[in-house]
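Just so we're aligned: the sequence shown equals residues 1 to 99 in the UniProt record's numbering.
Every residue gets a Cβ at the ideal spot worked out from N, C-alpha and C, and that includes glycine.
Just below is one structure, and these are the notes that go with it.
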Amino acid sequence: MAPRIDPSETETYWSIFATRTNGAKFMTGKMAAPLLKNSGLRDDQLEQVWNVSDIDNDGNLDFEEFCVAMRIVFGIVNGVGSRHMKRTQRQHNDENAWV
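In structure tokens:
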């Protein structure tokens with residue numbers, strides 16, 4: 001299981017999310033793309049991050065999904081997220097096989 005996101009991290013993510021969405025409940029791919037690309041990750045990595053994070057597959061990220069995306073991105077950038085992302089992607093695929 002991945003570590004919980006601590007309150008200070010959540011506050012940081014909320015600040016980013018609220019600014020990018022102008023207070024809306026969802027962040028579109030168009031809103032998220034510049035932010036995610038700024039991480040320096042490859043497009044295929046960012047696609048995986050999006051697929052894992054967009055739990056309901058609606059093409060948008062709500063705040064919780066955004067937190068997942070940011071945690072994964074920072075994990076990969078800091079060299080700790082790749083293995084977890086692969087495991088999470090498998091779990092995500094298994095769960096959605098029944099939807």
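According to the DSSP assignment, D58 belongs to no alpha helix (DSSP H), since it is labelled neither H nor E. Boundaries of the alpha helix (DSSP H) harbouring A33: G29 to K37, taken from the DSSP string. Check the Cα spacing between L46 and each of N60, N22, I72 and C67: the tightest is with I72. The three-state secondary structure of F26, taken from DSSP, is coil. Around the beta carbon of E11, a 10 Å sphere encloses fewer than 16 other beta carbons of the protein chains shown; the residue is thus reported as exposed. V52: member of the alpha helix (DSSP H) spanning D43 to S53, first to last residue. For the pair of segments examined, the segment 12 to 25 was found not to touch the segment 38 to 56: the number of CB pairs separated by less than 8 Å stays below three.
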